[in-house]
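Residues in the sequence shown are numbered consecutively from 58, following my numbering. Built from N, CA and C at the ideal position, the CB exists for glycine as well. No experiment lies behind these values; they were computed from the predicted model shown.
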Amino acid sequence: MKKLHLFLLIALLPIISTLSAQDTWIRRADFTGNARRGATGFNIASKGYIVAGFDGAYYNDLWEYDPTTNTWTQKADLPAAPRMGGVAFSNTQNAWFGTGYDGTFMADMWRYEPGTNAWAAMADFGGGARQGSISLTIGADFFVGMGYTGAFQNDLYKYNTLTDTWTAVTPLPAGGRIYAAAFSTSTTGYVGLGFGTGYLSDLWAYNPTLGNWIRKADFGGTARALSTSYSIGNRGYLAAGDDGTNLQSEMWEYNPVNDAWSKLNSFRAVGRELPAGFVVDGKAYLMGGSDNGSTYFNDFWQWNSNYCDLTANALIQHAACPGDANGAIDLTISGIHTPYTVNWSTGNNTEDLTGVVAGDYRYTITDTVNCMLKGILKIDDGIAIHFGRDTSYWGLSKKAGGPGDDNITSILTDPTDGAITVTGTFKSSAIFNSTTLNSFGGTDAFIARYNAGGVLLWVRQIGGTIDDQATGLGADSLGNLYLTGRIGDMAFFGTQQVNTAGEYDIFLARYTKTGNLVWVRTAGGSLTDQPRAMYTDRSGNCYITGSFQGLANFQGEN
58 MKKLHLFLLI ALLPIISTLS AQDTWIRRAD FTGNARRGAT GFNIASKGYI
108 VAGFDGAYYN DLWEYDPTTN TWTQKADLPA APRMGGVAFS NTQNAWFGTG
158 YDGTFMADMW RYEPGTNAWA AMADFGGGAR QGSISLTIGA DFFVGMGYTG
208 AFQNDLYKYN TLTDTWTAVT PLPAGGRIYA AAFSTSTTGY VGLGFGTGYL
258 SDLWAYNPTL GNWIRKADFG GTARALSTSY SIGNRGYLAA GDDGTNLQSE
308 MWEYNPVNDA WSKLNSFRAV GRELPAGFVV DGKAYLMGGS DNGSTYFNDF
358 WQWNSNYCDL TANALIQHAA CPGDANGAID LTISGIHTPY TVNWSTGNNT
408 EDLTGVVAGD YRYTITDTVN CMLKGILKID DGIAIHFGRD TSYWGLSKKA
458 GGPGDDNITS ILTDPTDGAI TVTGTFKSSA IFNSTTLNSF GGTDAFIARY
508 NAGGVLLWVR QIGGTIDDQA TGLGADSLGN LYLTGRIGDM AFFGTQQVNT
558 AGEYDIFLAR YTKTGNLVWV RTAGGSLTDQ PRAMYTDRSG NCYITGSFQG
608 LANFQGEN
């Protein structure tokens, strides 16, 4: 059982509300294949699969994801043309994949058998060549339809796995569409949204027994296409997509019982179109996609409807998270200590709190893989409780520096892996574990990254012949790092030399999480310019405040 180290922060913060458990997105191991859009996901038993896709080139590779070990394994390539925009469906033994686009539309279908890791050619799709279709699994029956053939289609075909034949069934009584959403229960299929005469928001229910369609409640958000959709239990889910104005990171749930849509927690990454998705053991997974330019993603996310199970009463709280965060914390509320440290392990950690006053209070529990639960705890004291990582298990504090003045100006933790990034300045020389940095003259800036155990991963230097500073640090949802500060006259960012327009200029630099410099931008004029603070949003937009003298140039804006 994995032991997680957490701490409790106790603070006065009464809130009156009700106990609640929230759906949660958790970042998992990034997809091992190339970043891409338009891939297709499916599951077979307890494994998930990603096949094909596009990143400027088309792919026919197949990858298997094991949720138990959080690992990816490449499997046998599809023995057919690389493509994007294909369609898949599966049962507990096999999966079927086909159609798609590689500059021409495709109609071929293939069956994949995980036991032999082999593909077999099947009958072409009955509706002809196309891309961007949907699939439905209703009971033991499979259906494929919609998509684009040069025209938007509204047809639907049923596939017989025993005879390898396709049969046309009642088409959707609405406009044809590409990249629609589709999900199903054991008796009914649901199709909606997508792009046809424009971006669409309608939803339709298909009854295979009666062979009819019934209009249902329109989607609760903006009309959109290019999303990924899921079937979990008796509900449908929709994530990401493009509404023609914005790329989305939203997650929505459709409940057939009351014919209603509910907005859930967005995944904590940039909005995107054409991600791939699949469901394993009631958990939805989302991989990759792209912006509507040339940026392709390989990040991988898991969604749980209620990731943490929790019960609470006036005296005892029991908290447990499954998967990587299995274990429990038992708190007997009869005393108060702050600060307060526990180990998340086998559930035998008990602590006493005393001197309490009756009230309902907000709490948040967070573990090292972002299992998060918020709720209201009925307790005899006005407190808010937050569970988080405890760095005391490093054993010893970490030190870096040299004979001159050294300081840290910013510190940032990565919620996906617990890594810690720090930035600051040093004079003369500074030692970071076995790495020694020597300043170019005066004070130089640095950015360093440690793993969750306090081991130095890398350190980078920024400096020139006069004093340089690092004043702000941020990160986007993919872990890219953004550093701002000021440089004088000239400074080296690794081997890249950057010159200023005057005495001191503002700089903004982007690094990957592995320490590679991506780019540097400068702003300023002939006198002294100084950034004071920076905020970075999850999309990587940076907002910097500061001061300048005289005339300053910000990439053409004076």
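Determine whether the beta carbon atoms of residue i and residue j lie at a separation below 7 Å.
i	j	result
residue 40	residue 140	Given that the chain is displayed from residue 58 to residue 615, the structure contains no residue 40 and the question cannot be resolved.
residue 587	residue 543	yes
residue 355	residue 345	yes
residue 496	residue 481	no
residue 236	residue 282	yes
residue 306	residue 323	yes
residue 567	residue 555	no
residue 335	residue 88	no
residue 143	residue 164	no
residue 187	residue 209	no
residue 578	residue 533	no
residue 53	residue 272	For the chain, the structure presents residues 58 to 615; residue 53 sits outside this window and is missing.
residue 590	residue 545	no
residue 110	residue 133	no
Between which two residues does the beta strand (DSSP E) carrying residue i extend?
i	result
residue 601	599–604
residue 361	353–361
residue 325	Careful: residue 325 lies outside any beta strand (DSSP E) and carries neither H nor E.
residue 170	162–170
residue 272	269–273
residue 123	115–123
residue 304	304–312
residue 292	292–299
residue 208	Careful: residue 208 lies outside any beta strand (DSSP E) and carries neither H nor E.
residue 283	Unbroken run through residue 283: none, as it is neither H nor E.
residue 539	538–550
residue 249	246–249
residue 229	Run containing residue 229: none; DSSP gives neither H nor E here.
residue 266	Careful: residue 266 lies outside any beta strand (DSSP E) and carries neither H nor E.
residue 99	97–101
Just the C-alpha distance for residue i and residue j, rounded to the nearest angstrom, thanks.
i	j	result
residue 227	residue 244	16 Å
residue 206	residue 279	26 Å
residue 308	residue 277	11 Å
residue 303	residue 560	41 Å
residue 265	residue 239	15 Å
residue 531	residue 317	38 Å
residue 349	residue 252	15 Å
residue 257	residue 145	23 Å
residue 408	residue 469	Only weak support exists for where residue 408 lies, its pLDDT of 38 falling under 50; the value from the coordinates is given anyway. Rounded to whole angstroms, residue 408 to residue 469 spans 30 Å at the Cα level.
residue 396	residue 91	Reliability of the predicted coordinates at residue 396 is poor, the pLDDT of 31 falling under 50, and no value is obtained from them.
residue 275	residue 203	18 Å
residue 609	residue 584	9 Å
residue 159	residue 606	55 Å
residue 361	residue 342	9 Å
residue 195	residue 504	54 Å
residue 314	residue 466	54 Å
residue 527	residue 564	9 Å
residue 106	residue 225	28 Å
residue 552	residue 573	11 Å
residue 289	residue 198	17 Å
residue 550	residue 602	22 Å
residue 269	residue 510	59 Å
residue 216	residue 169	16 Å
residue 122	residue 151	15 Å
residue 484	residue 493	12 Å
residue 449	residue 359	Its pLDDT being 37, under 50, residue 449 is placed unreliably in this model, and the value from its coordinates should be taken loosely. Going from the Cα of residue 449 to the Cα of residue 359 covers about 29 Å.
residue 600	residue 592	5 Å
residue 538	residue 327	15 Å
Below 7 Å CB to CB, which residues in the same chain sit around residue i once its five sequence neighbours on both sides are set aside?
i	result
residue 639	Because residue 639 is not part of the residues shown, which for the chain are 58 to 615, the question remains open.
On the criterion of 16 or more Cβ atoms from any shown chain inside 10 Å, does residue i qualify as buried, or is it exposed?
i	result
residue 241	buried
residue 512	exposed
residue 120	buried
residue 502	buried
residue 351	exposed
residue 286	buried
residue 548	buried
residue 267	exposed
residue 518	buried
Spatial neighbours of residue i within its chain, please: C-beta separation below 8 Å, excluding the five flanking residues on both sides.
i	result
residue 167	135, 136, 137, 153, 154, 155, 176, 177, 178 and 179
residue 476	470, 506, 507, 508, 509, 514 and 570
Looking only at its chain, what residues have a beta carbon closer than 6 Å to the beta carbon of residue i, apart from the 5 residues adjacent to it on each side?
i	result
residue 321	80, 308 and 310
residue 201	144, 190, 192 and 214
residue 254	232
residue 129	89, 120 and 122
Would a check of beta-carbon distances place residue i closer than 7 Å to chain C?
i	result
residue 300	Looking at the structure shown, chain C is missing, and only one protein chain is on hand.
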